[in-house]
Structures are given as C-alpha cells and as structure tokens.
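Notes to accompany the following structure.
2 protein chains.
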Amino acid sequence: MSARPDVTLAQRKRRLVSDELSEAALQMLALKGFDLVTIDEIAAAAGVSKRTFFRYFASKEDVVVRFLADLGSGIRAELAARPVQEPPSVALRHAVLAAMAVCADRSDHADRALVVVRLILRTPALRARFLEHQAQWRDDLATELAQRLGLDPGTDLYPRLAAGMALTAFDTVLQRWSAGDGAEDPAELTDRSFAVLGPALDAAERRDAPEQGAAPSPAADPPRSGKLPARPRSFREHE
Amino acid sequence: MSARPDVTLAQRKRRLVSDELSEAALQMLALKGFDLVTIDEIAAAAGVSKRTFFRYFASKEDVVVRFLADLGSGIRAELAARPVQEPPSVALRHAVLAAMAVCADRSDHADRALVVVRLILRTPALRARFLEHQAQWRDDLATELAQRLGLDPGTDLYPRLAAGMALTAFDTVLQRWSAGDGAEDPAELTDRSFAVLGPALDAAERRDAPEQGAAPSPAADPPRSGKLPARPRSFREHE
DNA sequence: GCACAATTGGCACCAAGTGCCATGCGCGGC
DNA sequence: GCCGCGCATGGCACTTGGTGCCAATTGTGC
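Here is the structure:
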C-alpha cells in the first residue's frame, strides 16, 4: 500500500493527524467564528488532545494562516525565476500572479482558498497574523529585488518600495476577489492593479538605479525630486 | 493649580492614571522586552491593580500601539485638508509628512517616539497590531481618496492601490528612520520615497479616472482606459 | 523479543483577559 | 452635616491560549 517507500509510516501518520486537525479547525472556525471555537473543541473534533494540537500548530491562528504560509516563498521564487532583463513591473506581476494562481485554481481546493481568505480578512486576529507574514514577504522580496537590480537595500529605498507596491497589489486583489465571492478573475484583477502600479515601478527603477548599464530610455523629466518646501504644519498629538 | 476649569477632577485623575500606566509600561517594556514583562508588574509599577490596567487599555499591545493610534486619523485629516486640485502624489505626500512630523519633532518627547517605534518594529506581537491599524488607515485613506477624486471604491482599484502606496512609503520611512537611530531626517526620507512613488500615483490617477469633470490637464495620452486585453504581455511570457 | 526513539495524553502551571461584586471616594441635594 | 448617587477601584473567580514536564504507548531497527 505504501507508494512512498522513502516516507515512513510515522511520517504519514503525522501528516494525517495534521490534516485532520486543519480540516476540523477550518470547518469549525469558518462556521462558528474564530473566537467562538476553543482549541479543546478543535482537538476533540480531530480526536486528539489539546496538548497534541500545539505540537502541530504554534497557535490558534497558525492553523488557519498556514494555508497561505508558502505563498511568500512562492512569490519570491517566481521573482527569482524571472529573466533578469525583464523590467520589475513585469517580473513582480508574474510573481504576484503565481501567488494568486492557487486562489484561481478551481480544481483542487478551490473554494477552500476562498473560505480561508474570507475568514482571515474578516477576523482581526487572523488578519494581524497574515499581515505579519506579508511584512516578512516584503523583506524577502525587497532583498531579492535589490540583488536582482544590483542595488544596495541599505541605501536605496526603491527595493522596499517596489516590494511594498507589489504586495499592496496582492492585498488589493485578494480583498476584491474575496469580497466578490471569487466571481472576479484574480489574474485579471492582478493585471489591472499592475497596470496602475507598473509604469511607476519601471520609471522609478530607471531613475533610482545609478548604474545598471543599459538604460535605453532617456529618462528625461523635470523631476522636482529633491527637497520640497519644508514642512506642512504638524497636527496635534494625542488628545 | 487647575488651569482647566472645564475639566473635572475625576477626569484629570483618570488622565493621570493613564499617563502613569503608559509611562511605566513603556519604560519597562523597552527595557526588558515585551514578553518578559507581565501586566501585573506594569500595574504594580503604576500603583494600580491589574484589573484597573484593563479598564484603561484593551490589551498589553494597546498600551504601546496607542501612541501611534491617532497617526491614522491625522493622515486622513491632512489629506482631506489638501486642496482638491492638488495631484494625489502631492496631497498624499503631505499627508504622510504630517504623520512623520510627530517623529521628527525633536522638542517634546522626541526620543520617546523613536523608542516606541523601535519597540513596535522589533516585537512581532506589536508589529502585528500596528499593521492591523495600518490596514484600517488604508481603508480610510482609500475612501477619502475615492471621494476626493470622484471615483467609486467599489469598482476602481486606484484608491486602494494609492492608499497602499502611501502607507508603503510611510512604513519604509519609519523602518529606515528607526534603523538609523533617528539620525536621518524623516521628511527627507518621505520626499525621496514619494519621488519614487509620485509619478506613478499621478499617471495612474489620470488614466484610471474616467469622469472627473474639471480636468485642467489636457490628459492627452492614448488612454486605453478600460479593461486591458486579457494580459498586457508587454514583454515575452512563457509559462 | 528488546532496546530505542517518537508520539501522545494528562497534569500542573503561567499569563492574558473578562465578569461580578463589594468597597471607597467625590459631589450634589436636602 | 447627612444622605444618596455615580464612578473608579480592587479583589476574586473563571475561561482560554500556551508551555513544561513526565509517564505511558506505539512504531522501528536489531
């Protein structure tokens, strides 16, 4: 019966428990609401103890957010896989597209993704954790981008800003997609988002990268980029 | 001694307890680390009970994040106060500048802001809460922007993307500023960030706003305004 | 069959929050 | 001056997330 000789029985058992836990958790959480389900209930539904639950998931949020955990590495991997001569807007668009693909995937666990996303976006605690992950992705994306463009992430603001823009697009698409019950096409939403961001991405990159030998565009422009009139009046602080 | 006759004694007392709590919490948390300080300790240091702590702050994170809570409304207020004919890049830049002003303020509790920001950025739990706030700010900024430009936030992606870009700039500046021990000028970092984002902001806005009656700019441009063909495919794609 | 590691469950324990109630204090009315 | 009202407080019990520890079980290699 074992089609995977390199996978021991213990490992399969572990995987099975993990799946059972995820399954039970996701269903109950989506049904009753995140904070109306205790971990004891989830564990009991999966047939294990609460103590065992925490041997598989670091927290209650983890069991939900884990579904999207590998999106980050996926985005970065896709970016790294794009040809270097590709302009940032295109490369980043494909990177985000790769992440959205698992949402658009209508075959496997299609609506599962939709349920998870909607649960996350409407539960503050989950949303917070998710944003934390995104922050990590942004760091990774920024370093990847910097290395790709030969920039120094310690001095150039561009990599971080570009990564942030890409993830802003990702976030916007996710939100729209989940708000529309998955009716809208994630890929099309992504394209539209990058149609807004893209020109900025490339123009900015050209202006901010001092080296990067072959810059075909004249990049003329009255930049007005330096300082501007000092400071708008500050507003009152708290109270 | 009471310079505020319209403020009752009870209110001042409450305010005093709140300040005492914030003070104690901030100092201890920054000193020992966020999760190495219990609420009982903070409360005890402020001379109240743990139960009272929770009558002033919703959570342990709240007492720290509260310091930055009003930044969001400040940003939105500043955006709303900018003249309508101002292009989004300029208006948003000033909005972010207004928020950064409290950080640049070297007079009052200058380093206090730096301490808080650094504590938040390097503590996962606080970072998560902070990002949650930012997500809320982005929603607010997006609706404000949509209303300012006469766009429908339900169909146009631009407001959300623009708000996200502005907050990306904010976040990037904050991070750089705190990483450099406050040595760099927040206003200058903000200007540099918007020098990257700005052109995109305006170009995209012109392209995405179909109506907007009084557009002084000729807005010439091959508009290509609506949907784009399935995929821009400006370069080569292979999949 | 036997030692060995891994998995598990139960238990005690800590910290974050919350609900409830009794107490104390300021403040206005009488 | 006394009384009652409102409010802030403190203490307590309780729930829940999360962890450390240990004993029992189970699978694995020899």
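If you read the protein sequences in the order shown, they are chains A and B. FYI, the numbering used here numbers position 165 of the first sequence as 165, with every residue one higher than the one before it. With positions in the second sequence counted from 1, the corresponding number in the numbering used here is that position plus 1000. For glycine and all other residues, C-beta sits at the position ideal for the given N, C-alpha and C.
What does the Cβ neighbour count give for L1167(B), buried or exposed, with the cut at 16 atoms within 10 Å?
Classification for L1167(B): buried.
Which of helix, strand or coil does DSSP assign to F34(A)?
Looking at F34(A) - three-state DSSP - the assignment turns out to be helix.
Just the C-alpha distance for P83(A) and I75(A), rounded to the nearest angstrom, thanks.
For P83(A) and I75(A), the distance between alpha carbons rounds to 15 Å.
Mind pulling the chain A residues with CB within less than 9 Å of A1169(B)?
Going along chain A in sequence order, the residues near A1169(B) (Cβ under 9 Å) are L157, L161 and G164.
Would you identify the three-state DSSP class for V1196(B), choosing helix, strand or coil?
Three-state DSSP puts V1196(B) in a helix.
I want to verify the contact list: residues of chain B whose CB lies under 8 Å from the CB of T172(A), in sequence order.
Ordered by position in chain B, the residues that pass the 8 Å Cβ test against T172(A) are L1157, R1160, L1161 and G1164.
Under 7 Å between beta-carbons, which chain B residues line up against V96(A)? List them in chain order, please.
Within chain B, no residue comes near V96(A); the closest Cβ sits about 12 Å away, beyond 7 Å.
Is the beta carbon of L119(A) less than 8 Å from the beta carbon of V64(A)?
Yes, the pair counts as a contact, with Cβ atoms nearer than the cut-off.
What is the DSSP secondary structure of H238(A), counted as helix, strand or coil?
Residue placement at H238(A) is poorly supported in this model, since its pLDDT is 36, which falls under 50; the coordinates still yield a value, given next. Correct three-state label for H238(A): coil.
Secondary structure at V1117(B), three-state DSSP: helix, strand or coil?
Helix at V1117(B).
Chain A partners of T1119(B), CB-CB under 7 Å?
At residue 1119(B) the sequence reads Leu, which differs from the Thr that was named. What L1119(B) touches in chain A: nothing, since even the nearest Cβ is about 16 Å away.
Would you say R160(A) and T1172(B) are within 8 Å of each other, going by their C-beta atoms?
Yes.
Quick one: is P218(A) buried, meaning 16 or more other Cβ sit within 10 Å of its Cβ, or exposed?
Residue placement at P218(A) cannot be trusted, given a pLDDT of 36 that sits under 50; the coordinates are not used to answer.
Could one say the Cβ of A128(A) lies closer than 8 Å to chain B's Cβ atoms, at least one of them?
Closer than 8 Å to some Cβ of chain B, the Cβ of A128(A) qualifies, so yes.
Give the secondary structure of V1090(B) by DSSP, where H, G and I count as helix, E and B as strand, and everything else as coil.
Helix.
Name the residue from D35(A), A24(A) and L79(A) whose alpha carbon lies nearest to the alpha carbon of F53(A).
Comparing Cα positions, the closest option is A24(A).
Check whether the Cβ of E188(A) lies closer than 7 Å to any heavy atom of the ligand HEM, and answer yes or no.
The ligand HEM is absent from the structure shown, which contains no ligands of any kind.
Going straight from the alpha carbon of A162(A) to that of P153(A), what length do you get?
A162(A) and P153(A): Cα-Cα distance of roughly 12 Å.
Can you find at least 3 beta carbon pairs, one from the stretch 1111-1127 of chain B and one from the stretch 1142-1157 of chain B, that sit closer than 8 Å?
Touching, no, given that fewer than three Cβ pairs across the two stretches are closer than 8 Å.
Taking only beta-carbon atoms, is S1193(B) less than 8 Å away from chain A?
For S1193(B), the answer is yes, since a Cβ of chain A falls inside 8 Å of its Cβ.
Between the alpha carbons of V1102(B) and P199(A), how many angstroms are there, rounded?
Those two C-alpha atoms are separated by around 32 Å.
At 8 Å on the CB atoms, spell out the chain A contacts of A1302(B), in chain order.
What is shown of chain B runs 1001 to 1239, which leaves residue 1302(B) out entirely.
Whole-angstrom Cβ separation of V1158(B) and V196(A), contact assumed at under 8 Å?
Here the sequence assigns Tyr to residue 1158(B), which means Val is not the residue at that position. Yes, Y1158(B) and V196(A) are in contact; Cβ-Cβ is about 6 Å, under 8 Å.
What three-state label does DSSP hand A1183(B) in the structure shown?
If DSSP states are grouped into helix, strand and coil, A1183(B) belongs with coil.
From A69(A), M165(A), A113(A) and R176(A), pick the residue whose C-alpha is nearest to that of A30(A); which is it?
The shortest C-alpha separation from A30(A) is found at A113(A).
Alpha carbons only, please: which of R15(A), G182(A), S59(A) and A187(A) is nearest the one belonging to A169(A)?
Closest option to A169(A), Cα to Cα, is A187(A).
Report yes or no: is there a C-beta of chain A within less than 8 Å of the C-beta of D1088(B)?
It is worth fixing the name first, because residue 1088(B) is Pro in this sequence and not Asp. Not an interface residue.
Could you name the residues of chain A that E1144(B) contacts, counting a contact when the two beta carbons are closer than 9 Å?
In chain order: nothing, as chain A lies at least about 15 Å away.
Just tell me which of M165(A), A45(A) and W177(A) has its CA closest to the CA of S22(A).
The shortest Cα separation from S22(A) among M165(A), A45(A) and W177(A) belongs to A45(A).
For P124(A), return the contacting residues in chain B, with the cut-off set at a CB-CB distance below 8 Å.
Result: E1132.
How far does the alpha helix (DSSP H) with L1151(B) in it extend, from its first residue to its last?
It is not in any alpha helix (DSSP H) - L1151(B) carries neither H nor E in the DSSP assignment.
Using a Cβ-Cβ cut-off of 8 Å (strictly less than) and excluding sequence neighbours within five positions of E247(A), which residues of its own chain qualify?
A query on residue 247(A) cannot be resolved here, the shown segment of chain A reaching from 1 to 239 and no further.
Examine chain B for any beta-carbon lying closer than 8 Å to the beta-carbon of A69(A), and answer yes or no.
Cβ-Cβ to chain B under 8 Å: no for A69(A).
Consider the Cβ of A1135(B): report whether some Cβ of chain A lies at a distance smaller than 8 Å.
A1135(B) counts as touching chain A.
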